[in-house]
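2 protein chains.
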Amino acid sequence: METALAEKWRAVLASHAATSCAIDRELGETFGIGVSEFELLERLWEFEQEEHLSGSRAQVLSGSVHLSQSAFSRLVARMEKAGLVRRSMCEDDRRGIFITLTDEGRERYRRARPVHRRILAETLSD
Amino acid sequence: METALAEKWRAVLASHAATSCAIDRELGETFGIGVSEFELLERLWEFEQEEHLSGSRAQVLSGSVHLSQSAFSRLVARMEKAGLVRRSMCEDDRRGIFITLTDEGRERYRRARPVHRRILAETLSD
DNA sequence: CCGCATTAAATGCACTTGCATCCCATGCAC
DNA sequence: GTGCATGGGATGCAAGTGCATTTAATGCGG
Numbered sequence: 030m031e032t033a034l035a036e037k038w039r040a041v042l043a044s045h046a047a048t049s050c051a052i053d054r055e056l057g058e059t060f061g062i063g064v065s066e067f068e069l070l071e072r073l074w075e076f077e078q079e080e081h082l083s084g085s086r087a088q089v090l091s092g093s094v095h096l097s098q099s100a101f102s103r104l105v106a107r108m109e110k111a112g113l114v115r116r117s118m119c120e121d122d123r124r125g126i127f128i129t130l131t132d133e134g135r136e137r138y139r140r141a142r143p144v145h146r147r148i149l150a151e152t153l154s155d
Numbered sequence: 030m031e032t033a034l035a036e037k038w039r040a041v042l043a044s045h046a047a048t049s050c051a052i053d054r055e056l057g058e059t060f061g062i063g064v065s066e067f068e069l070l071e072r073l074w075e076f077e078q079e080e081h082l083s084g085s086r087a088q089v090l091s092g093s094v095h096l097s098q099s100a101f102s103r104l105v106a107r108m109e110k111a112g113l114v115r116r117s118m119c120e121d122d123r124r125g126i127f128i129t130l131t132d133e134g135r136e137r138y139r140r141a142r143p144v145h146r147r148i149l150a151e152t153l154s155d
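In order, the protein sequence lines correspond to chains A and B. Here the first sequence stands for residues 30 to 155, numbered as in the working numbering. Here the second sequence stands for residues 30 to 155, numbered as in the working numbering.
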């Protein structure tokens, strides 16, 4: 049925619009971060927990935030300027960079997370 | 369960990114329209079928494409310049405008629709 | 009729995004 | 080593977006 897929797509559009808008608004004014920033903080935090790495390759993270390479590069630059992450060269391949959470970034994530989850509960359940 | 909602949100983010990216790319290079343009064409076409109106109030449509009021205003302006829709003043309230499909807009929708549905089938099923 | 809050849409502005390109490091062929 | 294709990120630029503001029409109380 072609209608079923179209319905599904509209539902995705609606959820995405409502939720990302709410996240941008609330996390924006309370913590100064948006959807992409929060997603990156979360990935970094998860990698930190799971793998105890000293950092994560930019390329790997890039795929997990659904952003173009250039947008991702700027996102990291913004967040570094905001003191949330740190960029460091990776020694084995000096073209690549490692990205690590700063204490401030970890703390910001810790505080933003419950708000984020509350918004999900409010806008994603229906 | 808080994890379930987070998972759902990630799924929405992923579907949205993959699908809207594919639509923008293909409909963009073949028909010169993006996700928002297609959605507006579709709404206008549907209203045309259902209600035989001479047009639709901007405000009503605005809600159905998940765009801010300003973005919507510019979307309509772009599409009017591209010859896909026409803006006309509405007589009973001269602040509002009616938006109607042009023949070209109807034709563009007719041709873009199967491509759009094919993309949905490819990226939204998994 | 007059002022004034309200509403519809347009516009100035800052910011984010994607595409194309550029820069630098790598590594493979010779 | 030299040359050259490849790959990782950064950057110039044009386009789209949201917020705040503006412009214009409405309508209500006096």
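Positions of the beta carbon are idealized from the N, C-alpha and C atoms, including for glycine. Computed from a predicted model, the values in this text were never measured in an experiment.
If you draw a straight line from the Cα of A/Arg72 to the Cα of A/Gly57, it comes to about 19 Å. Assigned with DSSP and collapsed to three states, B/Thr129 falls in strand. Using a Cβ distance threshold of 8 Å, B/Ala46 and B/Ile148 do not count as a contacting pair. For A/Arg107, the enclosing alpha helix (DSSP H) begins and ends at 98-110. DSSP, reduced to helix, strand and coil, places B/Val94 outside both helices and strands of the structure shown, so it counts as coil. Close to A/Leu153, with beta-carbon spacing below 7 Å, are these residues of chain B in chain order: Leu34, Lys37, Trp38.
Remark: fewer than three beta-carbon pairs, one from each stretch, lie closer than 8 Å, so the stretch 131-139 of chain A and the stretch 93-101 of chain A are not flagged as touching.
Assignment of beta-bridge partners to B/Val114 by DSSP yields B/Leu130. Interface annotation for the stretch 40-55 of chain A against chain B: Val41, Leu42, Ala43, Ser44, His45, Ala46, Thr48, criterion Cβ-Cβ distance under 7 Å.
A check of alpha carbon separations from B/Gly112 across B/Asp121, B/Phe101, B/Ile128 identifies B/Ile128 as the nearest.
A/Trp38 is a Cβ neighbour of B/Thr48, given a cutoff of 8 Å.
DSSP places B/Arg124 outside both helix and strand once states are collapsed to three, so it counts as coil.
When only Cα atoms are considered, B/Arg139 and B/Phe67 end up about 11 Å apart. Taking a contact as a CB-CB distance under 8 Å, the pair A/Val41 and B/Ser44 counts as one, their CB atoms being some 5 Å apart. In this structure, the beta-carbon distance from A/Ile126 to A/Arg142 does not fall below 8 Å. With a 10 Å radius around the Cβ and a threshold of 16 neighbouring Cβ atoms, A/Val105 comes out buried. In the DSSP secondary-structure assignment, A/Arg147 is not bridged to any residue. With a 10 Å radius around the Cβ and a threshold of 16 neighbouring Cβ atoms, B/Met118 comes out exposed. The shortest C-alpha to C-alpha distance from A/Leu69 to any of A/Thr59, A/Ala100, A/Asp122 is the one to A/Ala100. By the neighbour-count criterion, in which a residue is buried when 16 or more other Cβ atoms sit within 10 angstroms of its Cβ, A/Val114 is buried.
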